[in-house]
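Just so we're aligned, residue 1 is where the sequence shown starts under this note's numbering, counting upward by one.
Since the structure comes first, as structure tokens, the remarks are kept for the end.
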Amino acid sequence: MKRVLFLAAALAACVATAYADDSKKPDDASPNFQPTEYKSNGSVTAGGASISYDAVTGTLVVHPKDWNDAATAKDDDKNPSAEASMSYVAYFKHGGDVSRRPITFLFNGGPGSATVWLHMGAFGPRRVITNDDSHTPAAPYTVVNNDQSLLDTSDLVFIDMPGTGFGRIGGKDADKNFYGVDQDIHAFAAFIQEFLSKYNRWNSPKYIFGESYGTMRAAGLSLALQKHDIDLNGVILLSDVLNWDLLPDDPQLNPSIDEPYIVALPSYAATAWYHHKIPNQPKELRPFLLKVEHFATTTYAQALLRGAGLSWPQRKAIAAQLHAYTGLPVGYLLKSNLRIEYGALQKELLSQQDLTTGTLDTRFTGPTLDPLSKVAEYDPQSSAIGSAYISAFNSYVRNALNYKGTLEYKPGVPVYSSWDYKHQPPGADHALIQLPNVLPDLAAAMKRNPNMKIMVNGGYFDISTPYYEGWTEMRHLQIPEKLRGNLEFHYYESGHMVYVHQPSLVQLHDNVAAFIRETSGVK
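The following block contains the structure:
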């Protein structure tokens, strides 16, 4: 099983708890499987203007794909049908024609994560302050008005995946019915349909914003929603991973598949640049990365493809160039067969200082847990900010959003290793036995809706989902040339959670707001 540290797998693991027994027993905990709604209101200063809004913290109940909505929710008392309550926080700007007001559905990834990170770090009306590249001290944490809230451009719905947040799953085979690539896409599609009806937003310009594993969900949703006659105006991806074969985790267990090493190299180089480990350190990052990208896809790719056919002098030459780009010792690179294993750079780059760099954001560092380990054993960024986000949200939702329920807010659930990774892409008559790839889904959705625009965002210092991996997969999107103009790319001097870096948050907000304004048809 791959062990890449996605946002939920790394961050939520720091703060998540195991399933509560009542989360799978709708008979014993029926209130958990009823729609809920807690209302409040507030204002935020964003985009230079004060915006008044109504907020709703609630849950909606969804069912598996084959559920019969004409029957009762339970087959019988002993074998209740699987069901899930999905929690959300929605913000609606006061005034105006809702049919002209864009609405954006946002979600984090994991798989297994709630959406507290995008909510409290990026686009909600309040934002928790954390240190930029070091551990944030313990409580009390500071929550401030979010000048970069997307409420200046769109109404917002932050959705937690089933079993996280204030949501729960229950009934027969609940895990199997909700915890998988296609099951998850279905649940979110059902939620969005239900939400559009409940709040009368069917005629609003519609967007989905996915981060990390949420980008895989977003790509799948773009097609799944079309099957219910819902066209999206746009899909916004942050730290995208649509083809898991490109991920740089444990590719040494899959000999002859070298592309993960190629697409990860620019992020390794960016990390070395940030920590001043590059010989003859270049002043500017982007021109340096252009050279690394060219080397990775030409000389380096050809060398890896040759395998054992590469001569010893050629090996030494490649190792020397890798050293120039990553700062890793030539001897180490020769021992690693010119292939930098996932987690190795984080452990080795600052090993002389007994420091490990972050995985989600390699600008962060922390003490190495085991100096003799082969790879990094934890993610310093996850440890640095997890408590701040969860503590701040729990206080905010109860004091400002009027949440009166008694359920624990679950930032994540431990489903990464048991997730059903099979996916049935368009054109296949069954789920394929391979690592999931939703590029065909996104391509089909773009062909069916040629007006739908795609926005790709990423951070240079992200090794979990390297920025050049996302760029590469989009270059392999099977769409006509005329649709390539529907794609736009933005990259930032930050990590997986681009918004943790304040200057990058400003850039991200401005880029996303411009994207929505330009594609919504609303002036």
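Glycine is no exception: its CB is placed at the ideal position from the N, C-alpha and C atoms.
Here the structure is a predicted model, which is why all the values come from computation and not from measurement.
Presumed contact (8 Å Cβ cut-off) between residue i and residue j, rounded CB distance
i: V456; j: D231; result: Not a contact, Cβ separation roughly 20 Å.
i: Q478; j: D132; result: With a Cβ gap of about 39 Å, Q478 and D132 do not count as contacting.
i: V532; j: L150; result: The shown model of the chain, from 1 to 523, leaves out residue 532, and the question about it has no answer.
i: Y325; j: V292; result: 5 Å
i: F393; j: H119; result: 7 Å
i: G47; j: D152; result: 3 Å
i: M452; j: V235; result: 7 Å
i: L285; j: E493; result: 6 Å
i: D184; j: F178; result: 7 Å
i: N233; j: Y268; result: At roughly 36 Å, the Cβ-Cβ gap does not stay under 8 Å, so N233 and Y268 are not in contact.
Where residue i sits in the DSSP three-state scheme
i: P140; result: coil
i: Y179; result: coil
i: D66; result: coil
i: N399; result: helix
i: H490; result: strand
i: H326; result: It is Thr, not His, that sits at residue 326 in the sequence shown. T326: helix per DSSP, three-state reduction.
i: V128; result: strand
i: K482; result: helix
i: H509; result: helix
i: V61; result: strand
i: S52; result: strand
i: V116; result: helix
i: I169; result: strand
i: K277; result: coil
i: N32; result: helix
i: H228; result: helix
i: H423; result: strand
i: P503; result: helix
i: T164; result: coil
i: L372; result: coil
i: N145; result: strand
i: K410; result: strand
i: L435; result: coil
i: N200; result: coil
i: N337; result: coil
i: N394; result: helix
Exposure label - residue i; buried when at least 16 CB within 10 Å
i: S379; result: Looking at the sequence provided, one finds Asp at residue 379 rather than Ser. Flag for D379 reads buried.
i: P137; result: exposed
i: G95; result: exposed
i: G366; result: buried
i: H294; result: exposed
i: W312; result: exposed
i: S43; result: exposed
i: E377; result: exposed
i: I129; result: exposed
i: S50; result: exposed
i: P266; result: buried
i: D530; result: This structure cannot speak to residue 530, because the chain is shown only from 1 to 523.
i: A272; result: buried
i: R63; result: A small fix is needed here, since residue 63 is His in this sequence, not Arg. Burial call: buried.
i: Q148; result: buried
i: N68; result: exposed
i: S504; result: buried
i: S99; result: exposed
Opening and closing residue of the alpha helix (DSSP H) in which residue i lies
i: A301; result: 301–306
i: L290; result: 285–295
i: Y261; result: 259–274
i: E377; result: E377 -> no alpha helix (DSSP H), and no H or E assigned at all.
i: L442; result: 439–448
i: L345; result: 344–348
i: G470; result: 467–475
Limits of the unbroken beta strand (DSSP E) element including residue i
i: S551; result: Given that the chain is displayed from residue 1 to residue 523, the structure contains no residue 551 and the question cannot be resolved.
i: N457; result: 453–459
i: F550; result: There is simply no residue 550 to check, as the chain begins at 1 and stops at 523 in what is shown.
i: V235; result: 234–238
i: V157; result: 155–159
i: G42; result: 36–46
i: L106; result: 103–107
i: T357; result: 355–357
i: P367; result: 365–367
Residue i beta carbon near the ligand HEM (any heavy atom closer than 7 Å)
i: A384; result: As for the ligand HEM, it is missing from this structure, which has no ligand bound.
- Task: Would you check if there are 3 or more beta carbon pairs closer than 8 Å linking the segment 336–352 to the segment 436–445?
- Result: Taking 8 Å as the limit for Cβ pairs, the verdict is that the segment 436–445 does not touch the segment 336–352.
- Message: Using a Cβ distance threshold of 8 Å, determine whether the segment 414–434 contacts the segment 456–470, with at least three qualifying pairs required.
- Response: Under the three-pair Cβ rule at 8 Å, the segment 414–434 does not count as touching the segment 456–470.
- Task: Check whether the segment 36–46 touches the segment 400–410, taking contact to mean three or more Cβ pairs, one atom from each stretch, closer than 8 Å.
- Result: yes
- Query: Contact between the segment 340–347 and the segment 94–110: three or more CB pairs below 8 Å?
  - Reply: no
- When the Cβ atoms of the segment 213–220 are set against those of the segment 428–435, are three or more pairs found closer than 8 Å? no
- Task: Please determine if the segment 313–332 and the segment 355–372 are in contact, where contact requires at least 3 C-beta pairs separated by less than 8 Å.
- Result: no
- the segment 147–166 in contact with the segment 81–88 per 3-pair CB rule at 8 Å: yes
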